Structures are given as C-alpha cells and as structure tokens.
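Trainee:
Protein chains in written order, with the numbering used here: chain A, 1 to 269; chain B, 1001 to 1533.
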C-alpha cells in the first residue's frame, strides 16, 4: 500500500514530464542544413567521447594501479620528446578531420543568394515584426495572450495548463514548404537574436545593420524558437513561431492577408 | 594611526607584524596581503553564490515565483561580474602573493606599497558595484558583457558600473606589474626561467595577459560612458557608430580574460599532481610552451563568441580554425598531467582529490569547448544553456576547484596546522557530486533549445531545471563546510615543514607556519634548482 502510494507520488511528480518530452539532444530539424549541423554536432561529440575514453581510461587505470596503498613505487621519468610529439600530432590530425566538413557546411550556411521569398525581420523590445518583401504583408508577432496572462509573477495560472507556454505568438510567420526563405534581420532598439532550432539558424538583430540568413524547410509544421540575445526585462517573452505550409496554402494565405495586413495598417498598430 | 605607523618602525628589527588594524590597512607584507585577497575572494564567492541561489530558485519550476524579470537580470549580471572579478581573479592574486615569493626564494613582492594599493582598491570597487543594487533603476541588468545599446538603458547604476570596472582593471594591472617585476628580478640566484615552478610560470604568462587586455576593457567601457553622457556615438548606429564594434573590443579583452582565470589554475594543479604522485611533473618545459601557446592563441580567437552577429565567411572560418587550434596545447597539458600520474605512487589527500576532479571536469568543459568551436554547431549552441554548462564546467570544477585545491595544499604552510582531512574530503565529495548535478543537465537544456538569461521557460524544460536547481542549492550549502574547515584550521596537528611527503620546491623549506619574513637572504642556489631529491 505504502509502496503503491510512493509510486503514485513519483508518477505525479513526473506527470509534467509526460506531457512534454525529456529533450536530451539537438533536434535534427527540417532543413538540409539543420540535418548537416546535427550530423556535425554528433561527429564532434563522438570524437570527444573517443578521446575521453582513451584519456580517462588511462587516467582511471593509473589511479587504481599506481597508488601508494598498493605499494606502487614512483618511476623517475620526467619527459619524453617522442610522447610529446605524438600527442601534439594526433590532435592536429583529428582537428583537420573535423574542420573540413565543418567549413563546408559553413560555406553553404552563408550562401543567401537566389531566395524565393525575402522577409524583413525587425526586432523590438519585446516583439518581432515581419514584412514580406514582395507582398503587401507586414505584422507584429508578440507573445500569445494565454502565456502573457500566466507569465506574471504569482499569476496563479499553472504554466502546464497553457499550451506551448511562452512559445506561442499571436501571429505566426507563415512560409511555404521547399522555398528558400531569406531573412533580412535588423533591430529597432537593442541587439536581439532570431532563432529556430529546427532550422539551425540563429542570427543577431543589430540596430543599424541588416543581417542575412536563410532556410529551406522541407516539412510542413509549426516550429518554435526564442530570442536568444539578452534584450532587457522581457527577453524571455519574445518567442519566434514559424508555420510551414504547403505552397498552395501559402498562396491562399498571402491572398487573404495582403489587404488586411498592408504595412501602413500594421505599423499603425 | 600614528601609533600603528610607530609600531611598524619599532617592529622593524624583530620583523613581526604591526599591531591592530594598521597591520592590514597599511600592509606591505606579501603574506598579509595574500591573506586579505583570499578572504576578500571567499566573501565575494559567497555573495556571488547567493545571487546564483536566487537565479536557481526562480528557475526551479516554470512560472515566476520569487522575483521580477528585471531583478532576475540584475542577478545574472551581478553574479557574473562578482564571480569573475571579485572571486576567481582575486583568489589567484592571493595565491600569487602568498606563494610566488616563497617559491622563487624572494623576501617579498617587488613593489609592496603598490601591492597594498592593488588590494585596497578592490573592496572600494565592489562596494560601489554592490551599492548599485539599492539605486533607482536597480543594479546593471544588461549582462556582464555590457553589450550596447542595452547596457545604456541601465538606470542610475550605469556610471557606477563603469567606474567599478575601471577600478577592478587598475587593481589587476597593478597586481600584474608586481607579479612580473617580482618574477623577473627577485628569483634565487640559480633559479633560471625554465627552472621556475609551473605555478610561477603560469602566473607570469597570466600577468602579461592582464597587462595586455585590461586597458582594452577600460577603453571599451569608457566609450560606453561617453556614448551615454558626452554625446559620442562609438556604438550607436543612429550616430554612425557600430554596436558590434563593442562586442569585438569586449571579446578581445574577454577571451584572454578566460585564460587569465584558467592559466593560474593549470599552475596550481601542476604543483599538486606531482606532489601526490611522488613523481616530477612530466614535460615541465613543454608545459611552459603549451601555456605560452594558449596565451598567444587567446588573442586571435575572440570572435568565436560572435558567430551569430553577422561576420564575413572568411572571418568566421579564421576564428573557427584558430579556436580549434587551442585544443592542441590544452591537450598537451592534460596528457602531461596524466603522464605525471602514470607509474607514480599516488595518495589521495583533499588537494589531490580536487586536482584530479579538475583534470576530469575541466576536460569535459574542454570537450564542449571543442564542440562550440565548430561554427555551424555553435550557431545552434550560441546563447543557450549549452554555453552556460560549458563555461561553468571550466570555471567551477575548473578554476574554483583549482583554487580550493591550492587552498588545501598550502593551508598547513600558512597556519602551521593540518586541517581536518575528514571535513576536507566531505567538502570535496559533496562539491563534486553537486557541481555535476547542477551543470551537467544544462547541456541537455541548451541542446533542447533553452536560451540563457531567461527568468522563465517553457514547460518541456522543467525536469532538468529542477535537477539543476537542487544541485545548485546542494553545491552552495557544501561550501559552508569549507568555511568550517578554515575556522578549525588551527585545531589540527602541528604541520611539519614539508607538510606533504612528496612536496617539492622552496616553499616547503621554510618552517610551518611560514614566518612573517622568509628568504631575507636568498636561499642556497642548489636547493632552488632541486625540485625532487
């Protein structure tokens, strides 16, 4: 009986975890480059594991075998040029093996040429503004009302009861699947940073500077991220939500919003 | 005051300390100043640590329970400034003051009155910084990196922040000058540069780094000051300035600063591991070259903190490759420590335990550092909890554990008594367990997408945050054991001169406790060069 209630308590304390999952690793994401980034991350991780196994293995063996309580007598060697050369050369080779694919991905990541869609992203304290370059669409994207109510200090609202707490906005950025979307990112006040982990892009929004980045989502869905550069008191409350839709649905979305969200209307908000 | 001054003159013949508060206010003795640095550092460690407790309490579960976001940001900013400039750096200066003269056979630091200045500036600097907590608009909340334009939104605290940073810089520069002059001019006759102990070597390199980069920081914050009050626009886009320029200048200081906080730690560990392995340090000279290499490379990697700001591709590639290169000399150091232990005759007193944990956990921090060096992956990691995990691994079980190891290692030499080994081991094990419980889950949080410096988070990040908060409280409480060790440090058995069976170097040839004045005549040349008999 006691055991049963203990298990119940344990289950209860992790019930929050049941609704969300225990994220352990970087998401693979939904762009070609996010998958490449994930693979690079894992490749370097496994190199680190391999080096760690060797170094820590030798060290742990030594800790047990070469202890005074086991009667170990200290050797008197104090240097070896051969050893030093070997353990300088091997890391250099490993680093070169790592550096080449990493540099290749980096080159692709910076290639913002020939986009299908360009969107100007302007950061404000504390919301995002999106303007589709070739359409008459522009709007602000702020933290959604349910999260806004729950985020107040001692609001009495359980964050677990709010869908996508702090990761939902009132107006999502909508882009079509398989289109190369170029973002032109800037800021109206302080430095912010636009990040969606599933696209593996993060770019700072700097006042006075227009930064470029791009992504081509390959799957429809809703992808969430957050501002990642400290931008003042509500830094934690300016999420990024991107909805990737089928190209036809995107065209329909543009048609219905072109009139309603003409820039002058949105700017007067 | 006049009596204190008279005492100094009176006591000159018997070489004892002055009486009363004057001993400390007008201190010129390297041991007294070292003690003050260490006590100051420990105080700041607890103040900065209590701010970390506020941060972790708020982050234990989603939703805002205790503080407002503004205050949360003040806590993260102040925690970093206090830990970097108030706890870690002064602790190493304290160890340098105590040990460098005794390790090189010098009677004192070369510039004792400047030494007094460089210490006494610090309580003033941190008095100013802490007073900002009570000012209209609160303490600085723009992060310890002070990026404009955000930092210019600070309230009345802003000029006080700038001036306190100036004072910390002046203190560091004077301390560094003192270290360099002492090491270059006051070594025992036979102690050539390459015969110097590793702690002395790493501090010599660190001191050059300090002199090179603290003025850069002073320049950067002065430009912030004039941007705010005198109409300049160094960093304001509206006036033709460039906010990113500040980041470049800051990190030109900031990256060498990272090594300022770790090179002396390398030195401490390189003293301790040979002692408890009863075997000389493996590859002493290559350790020196590796540390010099790291110091040089630290000047050409700064923009790896800025892979997301929008740099030209070639710039990103350069900084990526240069950063990866640092793994090579750092690897040499780790391999040499392992080779020192190899076929030694090890015992595991508290200093050795801390030094071993340093090697393990600093290396883990090094691995995440290598991952962060890869620019495309860094774009994912940047400004997330993965970075928080990385730099806390190299700073807490890195720098702080090395400081703890050094404190336990030299404590019997300072007090003349053995500390309680039982309490020391308890302190070690609790610290090591809780430091991992605190910081390891942060890797997962960062990879799963939690940005740093946020007061509240989405519910999928709950579990690891709760675990980290439990670990943090445990780690904080465990540090009280260290205070207990210090308070009871005079109760243990009398320490011998050598203290440890495998101890080596000049500091172990003087009595325990070390007399007020040591090496008033240079030690015998032969002893200086013989580290192991």
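Every residue gets a Cβ at the ideal spot worked out from N, C-alpha and C, and that includes glycine.
Small disclaimer: the values here were computed from a predicted structure and weren't measured.
#1: Is the number of C-beta pairs between the region 1355 to 1368 of chain B and the region 1382 to 1396 of chain B that are closer than 8 Å three or more?
#2: Within 10 angstroms of the Cβ of residue 133 (chain A), are there 16 or more other Cβ atoms? Answer buried if so, exposed if not.
#3: Can a CB atom of chain A be found closer than 8 Å to the CB of residue 1496 (chain B)?
#4: Does chain B have any CB closer than 8 Å to the CB of residue 84 (chain A)?
#5: Out of B:1429, B:1436, B:1434, B:1282, which one is the CA nearest neighbour of residue 83 (chain A)?
#6: List the residues of chain B that residue 150 (chain A) touches, going by C-beta distances under 8 Å, in chain order.
#7: Kindly indicate which residue of A:210, A:50, A:176, A:31 has the alpha-carbon position closest to the one of residue 1242 (chain B).
#8: What's the C-alpha gap between residue 1523 (chain B) and residue 1105 (chain B)?
#9: Give the secondary structure of residue 1381 (chain B) by DSSP, where H, G and I count as helix, E and B as strand, and everything else as coil.
#10: Beta-carbon within less than 6 Å of residue 213 (chain A)'s beta-carbon, same chain only, minus the 5 sequence neighbours each way: which residues are those?
#11: How about the region 223 to 235 of chain A and the region 1064 to 1080 of chain B: do they share at least three Cβ pairs that are nearer than 8 Å?
#12: Counting only beta-carbon separations shorter than 8 Å, does residue 78 (chain A) have a partner in chain B?
#13: Hey, is residue 1503 (chain B)'s beta-carbon within less than 8 Å of any beta-carbon in chain A?
#14: Is it true that the CB of residue 175 (chain A) sits closer than 8 Å to the CB of residue 222 (chain A)?
#15: Along chain B, in chain order, which residues have C-beta atoms closer than 7 Å to that of residue 204 (chain A)?
#16: Using a Cβ-Cβ cutoff of less than 8 Å, which residues in the same chain neighbour residue 1393 (chain B) once the five nearest sequence positions on both sides are dropped?
#17: Helix, strand or coil for residue 227 (chain A) per DSSP?
#18: Determine whether the beta carbon atoms of residue 187 (chain A) and residue 207 (chain A) lie at a separation below 8 Å.
#19: Where residue 1009 (chain B) and residue 1024 (chain B) are concerned, what is the direct C-alpha to C-alpha distance, given to the nearest angstrom?
#20: Among B:1237, B:1450, B:1347, B:1303, which residue has its Cα nearest to the Cα of residue 191 (chain A)?
#21: For a contact meaning CB atoms closer than 8 Å, what does residue 1129 (chain B) contact in chain A?
#22: Which residues does DSSP list as the beta-bridge partners of residue 1068 (chain B)?
#23: Please list, in chain order, all residues of the same chain as residue 1114 (chain B) whose beta carbon is under 8 Å from its beta carbon, the five residues on each side excluded.
#24: Residue 1356 (chain B) lies in the alpha helix (DSSP H); which residues open and close that run?
#25: Quick check on the DSSP output: the beta strand (DSSP E) that includes residue 199 (chain A) runs from which residue to which?
#26: On the CB-based measure, 16 or more other CB atoms within 10 Å of its CB, does residue 1333 (chain B) come out buried or exposed?
#27: What span of residues does the beta strand (DSSP E) with residue 215 (chain A) cover, start to end?
#28: Just reading off the alpha helix (DSSP H) that residue 110 (chain A) is part of, what are its end residues?
#29: Could you check the C-alpha separation between residue 1079 (chain B) and residue 215 (chain A) for me, to the nearest Å?
#30: Would residue 1184 (chain B) pass as a contact of residue 1221 (chain B) if the rule is Cβ separation under 8 Å?
#31: In the DSSP assignment, what are the bridge partners of residue 1169 (chain B)?
#32: Examine chain B for any beta-carbon lying closer than 8 Å to the beta-carbon of residue 58 (chain A), and answer yes or no.
#33: How should residue 1341 (chain B) be labelled, buried or exposed, when 16 other C-beta atoms within 10 angstroms of its C-beta is the threshold for buried?
#34: Using a beta-carbon distance cut-off of less than 8 Å, what residues from the region 59 to 73 of chain A approach chain B?
#35: For the region 110 to 140 of chain A, which residues have a CB atom closer than 7 Å to at least one CB atom of chain B, in sequence order?
#36: Which same chain residues end up closer than 6 Å to residue 1351 (chain B) when comparing Cβ atoms and leaving out the 5 residues on each side of it in sequence?
Mentor: To lay it out plainly:
#1: yes
#2: exposed
#3: no
#4: yes
#5: B:1282
#6: 1063
#7: A:210
#8: 6 Å
#9: helix
#10: 183, 201, 203
#11: yes
#12: yes
#13: no
#14: no
#15: 1308, 1309, 1310
#16: 1361, 1362, 1364, 1365, 1368, 1439
#17: strand
#18: yes
#19: For residue 1009 (chain B), the predicted model reports a pLDDT of 45, less than 50, meaning its position is unreliable and no value from the coordinates is stated.
#20: B:1237
#21: Within chain A, no residue comes near residue 1129 (chain B); the closest Cβ sits about 19 Å away, beyond 8 Å.
#22: None; residue 1068 (chain B) has no bridge partner.
#23: 1174, 1177, 1178
#24: 1350 to 1373
#25: First-last for residue 199 (chain A): undefined, no H or E at that position.
#26: buried
#27: 211 to 215
#28: Looking at the DSSP string, residue 110 (chain A) is not in any alpha helix (DSSP H), and its letter there is neither H nor E.
#29: 37 Å
#30: no
#31: The partner list for residue 1169 (chain B) (beta bridge, DSSP) is empty, contrary to what the question assumes.
#32: yes
#33: buried
#34: 59, 62, 63, 66, 67, 68, 69, 72, 73
#35: 110
#36: 1272, 1405, 1408, 1409
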